[in-house]
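So the structure is just underneath, and the comments pick up after that.
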Amino acid sequence: MSIELPKTYNPEEAENKIYKLWEESGFFSPEGLPSVTLAKEGKIPEPKPFTILMPPINENGSLHAGHALVLTIEDIMIRYKRMRGHQTLWLPGLDHAGFETQVVYEKQLEKEGRSRFQMEPGQLYDEILNFTLANKKDIEGQIKKMGASCDWTREKFTLDPDIVQTVYQTFKKMADDNFVYRGEKIVNWCPKHQTTLSDLETTDVEQKDNFYYLQYGPFVIATARPETKFGDKYVVMHPGDKRYRGYKDGQKIELEWINGPITATIVKDEAVDMTFGTGVMTITPWHDAVDFDIAERHKLEREQIIDFRGKLLPIAGEFAGMPISKARPLIVEKLKSKGLLVKIDEDYKHVVKKCYKCESIIEPQVREQWFLKMKQLAEPAIKAIENGEIKFIPEHYKKISLHWLKNILDWPISRQIVWGIPIPAWHHEPKCVPRPGKEKEIKKCLKTVIALEEPRCEFCEAKFIRDPDTFDTWFSSGQWPFASLGYPDSNDYKTFFPTDVMETGGDIIFFWVARMIMLSLYVTGEVPFKTVYLHGLVLDAKGRKMSKSKGNVINPLNLLEKYGTDALRMGLVIGNTPGTSLALAEDKIKGQKHFANKLWNIARYVLMNISGISTLKPEIKAELTAEDEKIVSELGALVKDATEDMDQFRFYLAAEKIYHYVWHTFADKIIEESKTKLASEDVIIKASAQRMLLEVLITSLKLLHPFMPFVTEEIYSNLAIKNKRLLIVEKWPD
RNA sequence: GGGCACAUAGCUCAAUUGGUUAGAGCGUCGCAUUCACAUUGCGAAGGUUCCCUGUUCGAGUCAGGGUGUGCCCACCA
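One rule links them: number in the working numbering = place in the first sequence (from 1) + 43.
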C-alpha cells in the first residue's frame with residue numbers, strides 16, 4: 044500500500060468530509076453504537092450508559108469562545124467514553140434564552156428606530172421567534188464545525204412543547220405543595236427593560252455621589268436620593284439610641300417638608316445603625332428594600348413615588364413627570380431655598396445596583412410577583428451535596444454551592460417580557476358578577492388560579508384574565524435535565540437519567556447548576572448529575588475579559604478557519620485546569636496547527652515505510668525485536684497514565700502528555716532511530732520496525748482522537764487495516 | 001461586612017494531592033538541514049516557587065501569620 048498523502052494537512056477539506064461520515068454512521072446516537080449492537084446480539088454484556096446534556100446554547104448570536112470550550116471539553120469526554128465502549132449520549136440543546144434574547148432583539152429594534160413598547164406582545168413574540176429560527180441553522184452548523192459528536196436526532200429546544208408541559212406540571216405541583224406564592228414585595232426593577240430581575244441578574248457598582256444632610260423637623264437625616272423623599276412620613280431611630288431617648292415610638296410630630304407641612308411618625312427599629320450618619324433616617328418603603336422590611340415589621344403605609352419608567356409621580360408636586368436625573372438637582376435647589384439643606388458630603392462612596400444587561404440603575408419597586416419559597420427546596424440539595432452524591436470539579440465549588448444554598452432567599456420567577464414560557468395563571472376581573480343564587484358566596488371567588496385553560500368560577504360569571512408574565516428562563520432551564528430526557532415516561536429518561544457529567548461555566552453555578560439540583564430532587568427525587576465539571580472564563584491573550592467595547596473578542600470561527608478545528612481544540616484544552624480562567628493566545632493555537640501537521644507527516648512517513656504490512660496480528664509482540672518491544676511497552680505506560688488522567692477529568696494533562704510523546708518521543712526518537720532499522724539488511728529487524736511503527740501510530744491516533752478527532756480520523760482512514768471501523772468507535776487502548 | 005480562589009521562567013500555565021536536579025508551550029539566542037515535516041531538527045540562556053514562622057527525614061505542595069491580585073455574596077439610609 045503506497046498511498047500518496049499531500050505534504051501538509053489541509054483541515055478544511057478533511058473536516059467537512061469527516062463530520063459527514065460520522066453523522067451518516069449513526070455513531071452519534073447511542074443505539075447506533077457497535078457496543079450496543081453487539082450487546083443486542085448477546086455477544087457482549089450490556090454497555091453502561093454515559094450521558095452529558097449540552098448546556099443549551101443561545102440562538103441569539105453566533106458561537107463565542109466560551110461555547111467553543113464547552114463543546115471541546117464535552118466532546119473529549121464523550122469520545123473517550125464512546126471508545127471505552129459506553130452507551131454514550133450527548134444531547135444537544137438550543138436555548139431561547141428569554142431575557143438575554145429579548146435584550147438582543149430590543150437593541151436591533153432600537154437601531155431600526157422601533158420599540159417593543161409600541162408593539163403588540165404577540166407581534167414581538169413572533170418576530171423574536173423568527174429571529175431565533177433564522178439563527179438556528181447557523182448555530183447548529185457552528186457546533187458541527189467544532190466537531191461535536193452529539194446526537195442530533197435528539198436535539199431539544201427550550202421552548203419545545205413537551206418541555207413547556209413539564210415546566211407547567213412542575214409549577215402546578217409546586218403550587219399544590221404550597222411552594223409558590225404571589226406576593227406584593229419589593230423587587231429589582233429595570234426601568235429600561237420594564238421587568239423584574241432576580242438578585243443574580245443585578246450587579247453592584249460602587250460609585251461616588253453627593254450625600255445630602257436634610258433638616259427633617261428636629262432631626263437631621265441623610266440621603267443620597269432626595270428625589271425619593273417626598274412621601275417620607277416615618278422617621279426611624281434605634282430603640283437604644285440615647286440621643287433620641289426623648290422621642291417615643293408612635294409619637295407624631297409636625298414639620299415643614301419639601302412641598303409643605305406634614306405629620307411624621309416616630310418609629311423605633313433595630314435596623315438603624317446608630318453610628319452611621321446622624322442615626323436617624325426617614326424611610327421610603329416603596330423604593331428601598333431595607334425600608335420595605337421596616338415598614339412590613341411595623342405595618343406602615345407605603346406609597347409609590349417613582350413610576351415604572353423612572354419618572355416622578357404627582358406626589359412630587361411641581362416635579363411630577365420628571366426623570367430622576369433632571370429632578371434631583373432641582374429638588375436640592377428647592378430644599379436649599381427652604382433652608383432644609385444642612386450640608387452636602389461630596390465624597391460619599393456607596394454601592395448601587397444595576398441591571399446586568401443595560402447598566403440602568405435598578406429602581407426598587409413594589410409589585411405583585413410570583414415567588415418560589417426556596418428554603419425547603421434547598422434542603423434536599425444541601426443534603427445531597429454534603430453526602431457526596433454530587434462531585435464537584437474543582438472541589439471548592441462544593442463550598443461555594445453550599446454557602447449559597449444555606450443562605451438562599453425566595454426567588455421571584457415572573458418576568459415582564461414576552462419572550463419566554465407564559466405563566467399558566469389567571470386573574471379574576473376586578474368586579475364580581477355573581478351567578479344567580481350565589482350572591483352571598485362571591486367572597487369565596489378565587490382571585491388567582493394556576494391553570495392552563497381559563498378557569499370558571501363557581502360563584503361568579505366574571506372573566507379571568509391571563510397573567511401576562513413569563514417565567515424567568517432559569518426556572519425552565521433548571522428543569523432541563525429531566526425535561527429534555529422526556530420525564531417521566533420515556534425510555535431515554537429511564538436509561539439516561541440521572542446523567543453522568545454536567546459540564547458548564549463556573550459563572551452560572553447559582554443561576555443554573557444549583558437550581559437544577561434543587562428542581563431535579565424536588566420533581567424526580569434524584570440528583571440530576573453525578574459530577575459537575577466547571578470551567579473558567581475564556582480570556583484574551585493578556586488575561587482580560589473579552590468584551591465588545593474593549594474590542595478584544597476572539598471569534599472561535601475565525602480561528603477554526605485559520606488553524607483548523609483540531610488545533611483550536613488542543614489550544615483550548617492544554618493548560619486549562621478546571622475552574623481556572625484560560626488566557627487564549629493565538630500563538631498557542633498556531634502551535635497546535637503545527638502539531639496537527641507533524642502528526643500528518645509522521646503518518647506519511649509510516650505509510651511510506653510499511654508497504655506489505657496491512658494488519659496487526661495479536662501476537663505482534665512475539666515478532667518484535669527486544670528493542671522494539673521496549674518501545675511498545677513504554678507506550679503502554681503512557682496509555683496507562685493518560686487513561687488515568689482521562690478518568691480523573693485531567694484532560695489538560697492527558698493532552699499535554701500525549702502531545703509530548705507524539706512529538707518528542709515518537710517523531711524525534713522512535714522515527715529517527717527507525718531509519719537505520721528500516722535500511723537494515725536483516726529482514727527480522729526491518730519487519731519488526733515496520734510493525735512497531737504501525738502499532739505506535741495506531742495507538743497514538745487513538746489516544747489523540749478525543750482531542751483531535753478530525754486529523755486522527757482522516758489519517759486512520761488512510762491506513763489499510765483489516766476489520767477496521769471508523770476511529771470514533773475503535774477501542775481505546777489498554 | 002462575609003465567603004471563595006489565586007501568586008511558580010520574559011508571557012500563558014503545569015507539577016496527578018508531601019518524594020530525585022520544579023516542567024511545557026510561546027518568545028529570545030546559537031548551530032544544523034538533499035531526510036516524513038522549514039508548520040523542521042539539535043542545543044542554550046532564563047527560577048530566592050510573593051514574604052515570614054512552623055510541622056516533617058523531605059515543602060512549590062501542609063499549618064499559622066503577613067503582603068498583593070481576582071471573583072462571588074450581603075438591605076448601611
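Where a beta carbon is used, it is the ideal one built from N, C-alpha and C, also for glycine.
- Query: If you check the beta carbons only, do P423 and Y565 fall under 9 Å apart?
  - Reply: yes
- Message: Considering only the alpha carbon of each residue, which of T620, F273, L240 and K311 lies closest to G289?
- Response: K311
- Exposed unless 16 or more other CB atoms sit within 10 angstroms - verdict on T542: buried
- State the start and end residues of the unbroken beta strand (DSSP E) segment that holds P498. That residue, P498, is in no beta strand (DSSP E); it is neither H nor E in DSSP.
- Query: How long is the line joining the alpha carbons of L762 and M651, rounded to whole angstroms?
  - Reply: 11 Å
- Query: How many angstroms separate the CA atom of V323 from the CA atom of S241?
  - Reply: 30 Å
- Message: Rounded to the nearest angstrom, what separates K767 and Y168 at their Cα positions?
- Response: 51 Å
- Message: Taking the beta carbon of S45 as the centre, do at least 16 other beta carbons fall within 10 Å, making it buried, or is it exposed?
- Response: Because the pLDDT at S45 is just 45, under 50, the model does not fix this residue reliably, and the point stays unresolved.
- Item | Reduced DSSP secondary structure (H/G/I, E/B, other) of P73 | helix
- Query: Unbroken beta strand (DSSP E) runs of length 3 or more, entirely within the stretch 398-482: which are they?
  - Reply: 406-415, 434-436 and 468-471
- Determine the DSSP secondary structure at D550, reduced to helix, strand or coil. helix
- Message: Buried or exposed, going by whether 16 or more other CB atoms sit within 10 Å of the CB of N53?
- Response: exposed
- Message: Below 8 Å on the Cβ atoms is my contact criterion, and I expect I264 with K291 to pass it. Report the Cβ-Cβ distance as a whole number of Å.
- Response: Not quite, the Cβ-Cβ distance comes to about 19 Å (not below 8 Å), so this is no contact.
- Could you round the C-beta distance between I95 and M120 to whole angstroms and report it? I think they count as a contact, below 8 Å. 6 Å
- Note down, one range per segment and in chain order, each alpha helix (DSSP H) of at least 4 residues found wholly within the stretch 330-371. 332-341
- Can you find at least 3 beta carbon pairs, one from the stretch 516-525 and one from the stretch 551-559, that sit closer than 8 Å? yes
- Distance between L137 and E339 (C-alpha atoms, nearest Å): 42 Å
- Query: Under the three-state reduction of DSSP, which class applies to W133: helix, strand or coil?
  - Reply: strand
- From S403, E297, T266 and H281, residue whose alpha carbon lies closest to that of L384: T266
- Hey, would you say D275 sits closer than 9 Å to I229, going by beta carbons? no
- Query: To the nearest whole angstrom, what separates the beta carbons of I645 and A710, a pair I think is in contact under 8 Å?
  - Reply: 5 Å
- Message: Let's test the definition: count the other Cβ atoms within 10 Å of the Cβ of D160 and tell me whether it reaches 16, buried, or not, exposed.
- Response: It is worth fixing the name first, because residue 160 is Phe in this sequence and not Asp. Looking at its Cβ environment, which holds fewer than 16 other Cβ atoms inside 10 Å, F160 is exposed.
- Task: Please state if the CB of N59 and the CB of S105 are separated by a distance shorter than 9 Å.
- Result: no
- Would P752 be called buried (16 or more neighbouring beta carbons within 10 Å of its own) or exposed? buried
- Message: In this structure, how does DSSP classify Y20 when only helix, strand and coil are distinguished?
- Response: Missing from the structure shown is residue 20; the chain here goes from 44 to 777 and no further.
- Item | Euclidean distance between Cα positions of W413 and K449 | 22 Å
- Message: Tell me the DSSP secondary structure of Q237 in three-state form.
- Response: coil
- Only counting runs of 3 or more residues, tell me where the beta strand (DSSP E) segments fall wholly within the stretch 512-552, in order along the chain. 542-548
- Task: Taking 9 Å as the cut-off, decide whether the C-beta atoms of Y695 and G618 are in contact.
- Result: yes
- Item | Where K396 falls, given that 16 or more other Cβ within 10 Å makes a residue buried | buried
- Could you name the residues of the same chain whose beta carbon sits closer than 7 Å to that of I61, not counting the 5 residues immediately before and after it, in chain order? F753, E756 and E757
- Hey, would you say P477 sits closer than 9 Å to L489, going by beta carbons? no
- Task: For N173, count neighbouring C-beta atoms within 10 Å of its own C-beta (all shown protein chains included) and say buried if the count is 16 or more, exposed if not.
- Result: exposed
- Quick one: any contact between the stretch 253-262 and the stretch 293-306, if contact means 3 or more CB pairs under 8 Å? yes
- Message: Taking its Cβ as the centre, do 16 or more other Cβ atoms sit within 10 Å of A722, making it buried, or is it exposed?
- Response: exposed
- Measure the C-alpha to C-alpha separation of D842 and K63 and round it to an integer number of angstroms. Residue 842 is absent from the structure shown; the chain starts at 44 and stops at 777.
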